[in-house]
Amino acid sequence: RARGVRYLHNDIDRRPEGEEEAQRCRDNGWDIDDMEELKRWRDQEPVNAHSHLISMMIGSSECIPVVEGEMVIGQWQSVLMIDLDGPRTRTVGVQLMGFG
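Quick note: the sequence shown uses the numbering used here, first residue 487, plus one each step.
Written out as structure tokens, the structure reads:
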């Protein structure tokens, strides 16, 4: 085991480990204080590892130039939002930077 880690990947029955991880679960909509909901969270947790791996491969952000208010993309290009771990409600952030 790595230093400071008290469980292995498949030791799902030991998770959430600590109040910080428990609060992240609650913040993401899991009522882990309810034993049935905690079981549902533990049951789905190993299943979504593929989502994190695919996300690492395809990336989670993009820089697209904008000229005169239009995105500069090729004729056959488009912007996609790929949900690897859903469906669920998502928030998409857009940040515009530039100079005048």
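Cβ atoms here follow ideal geometry from the backbone N, Cα and C, with glycine treated the same way. Quantities reported herein were computed from a predicted structural model and do not represent experimental measurements.
Residue interval of the alpha helix (DSSP H) (run including residue i)
i       : result
Ile-427 : Here the chain comprises residues numbered 487 to 586, so residue 427 is not present and cannot be evaluated.
Trp-516 : Looking at the DSSP string, Trp-516 is not in any alpha helix (DSSP H), and its letter there is neither H nor E.
Met-521 : 521-530
DSSP state of residue i mapped onto helix, strand, coil
i       : result
Arg-503 : It is worth fixing the name first, because residue 503 is Glu in this sequence and not Arg. Coil.
Rounded distance between the beta-carbons of residue j and residue i, thought under 8 Å
i       : j       : result
Leu-570 : Ser-547 : Between Ser-547 and Leu-570 the Cβ distance is about 15 Å, and since that is not below 8 Å, they are no contact.
Ile-550 : Ile-544 : No, Ile-550 and Ile-544 are not in contact; Cβ-Cβ is about 16 Å, not under 8 Å.
Arg-528 : Ile-498 : 5 Å
Could I get the ranges of all uninterrupted beta strand (DSSP E) runs contained in the stretch 532-580, with 3 residues as the minimum, in chain order?
none
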